[in-house]
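Since the structure comes first, as structure tokens, the remarks are kept for the end.
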Amino acid sequence: MASPPLKKLVIIGVGLIGGSFALALRHAGMIKHCVGIGRSPKNMQRALELGIIDEIANDPASALSGADFILLAMPVGQTDQVMAQIAPYVEDGTIISDVGSTKQDVILAARTHLARQLAHFVPSHPIAGTEFSGAEAADIHLFCDKPLIITPLKENSVEAIDLVTTLWQRCGAKVTRMPSDQHDRILATVSHLPHILAFSLMNHVLCNSDDQPEEVLRFAGSSFRDCTRIASSSPEMWRDICLANQETLIKQIDTYQAQLTYLRTLLANHDGEALEHAFAAARELRQKWLNQFS
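Yeah, the sequence shown ends on 1054 if you go by my numbering, and it's all consecutive.
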């Protein structure tokens, strides 16, 4: 039986994404030993108990010694700091990747702190997740049939890109490549803005109702639950993502606000025909999306 391609995998940030990556690769027989680094001793101990990692490391020097692959899976707001911390200890030939929901800021940090390792740093982003966080949320099947975007650098070696691609494919993901600016623009539309809207809707109930929030929510049905599910996501993580993609996200908010203003005008004018047309167009686009990707 062939040896696993990764003798030593290092996960920095053993939460939903990092933990699921380790579990999926372990299940696929792709790793021999997995080391975890994280801020929360309680979460790291739980990751060890769940068999996500084999060892908890307390410092980057010992963790990265002999590492074949490093996955940066902490919140994007920590990227600059973590890259600066690990840079002196990354060995030649070690492949590094990340799972950040934004890519241009991550690449800037890599060019600043990992300049000598750019051939081996391959930015990536799995389009998968839940509203839960921490090692307890890790799921071996999280990435099955989910998109995974790689935004390669011009300096990347073919071998590094191929390894990152293979690892994610063995996790069950469907790998796509695109430029980092296109990634950030698309994700602002279909991921970052929806989280802003879900948080805003919950805050609307909290701050702008004539009735107590608890009384209002007592009558909320499945439609409200579906619309606000992602408001249960980590506030820290989404604060960092929104700030990292600030310029593009502001444009998306402005565009969405214009759409709301348009619908408000139709409503104020009692323009039922135009309202129905707008709703029908939205329904048709959503149905095409579901038919294409279900």
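Beta carbons are placed, not taken as given, at the ideal position from N, Cα and C, and that holds for glycine.
Bear in mind that the values here come from a model prediction, so they are computed numbers and not experimental data.
Within 9 Å, strictly: CB atoms of residue i and residue j
i: residue 861; j: residue 982; result: no
i: residue 1017; j: residue 949; result: no
i: residue 836; j: residue 798; result: no
i: residue 842; j: residue 772; result: yes
i: residue 941; j: residue 845; result: no
i: residue 832; j: residue 839; result: yes
i: residue 885; j: residue 947; result: yes
i: residue 911; j: residue 943; result: yes
i: residue 779; j: residue 807; result: yes
i: residue 855; j: residue 829; result: yes
With 16 other Cβ atoms within 10 Å as the buried cut-off, status of residue i
i: residue 784; result: buried
i: residue 1052; result: exposed
i: residue 936; result: exposed
i: residue 931; result: buried
i: residue 926; result: exposed
i: residue 1037; result: exposed
i: residue 712; result: Given that the chain is displayed from residue 761 to residue 1054, the structure contains no residue 712 and the question cannot be resolved.
i: residue 761; result: Unreliable positioning characterises residue 761 in this predicted model, as indicated by a pLDDT of 40, which lies under 50. The coordinate reading is nonetheless provided below. Exposed, since its Cβ has fewer than 16 Cβ neighbours within 10 Å.
i: residue 1043; result: exposed
i: residue 1039; result: exposed
i: residue 1000; result: buried
Opposing strand residues paired with residue i [DSSP bridges]
i: residue 796; result: 771 and 816
i: residue 857; result: 831 and 882
i: residue 909; result: 885 and 936
i: residue 766; result: 791
Residue i - containing alpha helix (DSSP H), residue span
i: residue 1010; result: 1006 to 1028
i: residue 960; result: 953 to 967
i: residue 873; result: 864 to 873
i: residue 893; result: Premise fails: residue 893 is in no alpha helix (DSSP H) and is neither H nor E.
i: residue 946; result: 940 to 947
i: residue 843; result: 839 to 846
i: residue 808; result: 801 to 809
i: residue 1039; result: 1032 to 1053
Segment contact, 8 Å Cβ cut-off, at least three pairs: the stretch 762 to 777 with the stretch 810 to 826:
yes
Does the stretch 813 to 821 come close enough to the stretch 878 to 893 to have 3 or more Cβ pairs within less than 8 Å?
Cβ pair count under 8 Å is below three, so no.
Inter-stretch contact (C-beta, 8 Å, three-pair minimum) for the stretch 897 to 906 and the stretch 998 to 1013
no
Would you say the stretch 989 to 1001 touches the stretch 952 to 959, given that touching needs at least three Cβ pairs under 8 Å?
Proximity of the stretch 989 to 1001 to the stretch 952 to 959 meets the contact definition, three or more beta-carbon pairs being nearer than 8 Å.
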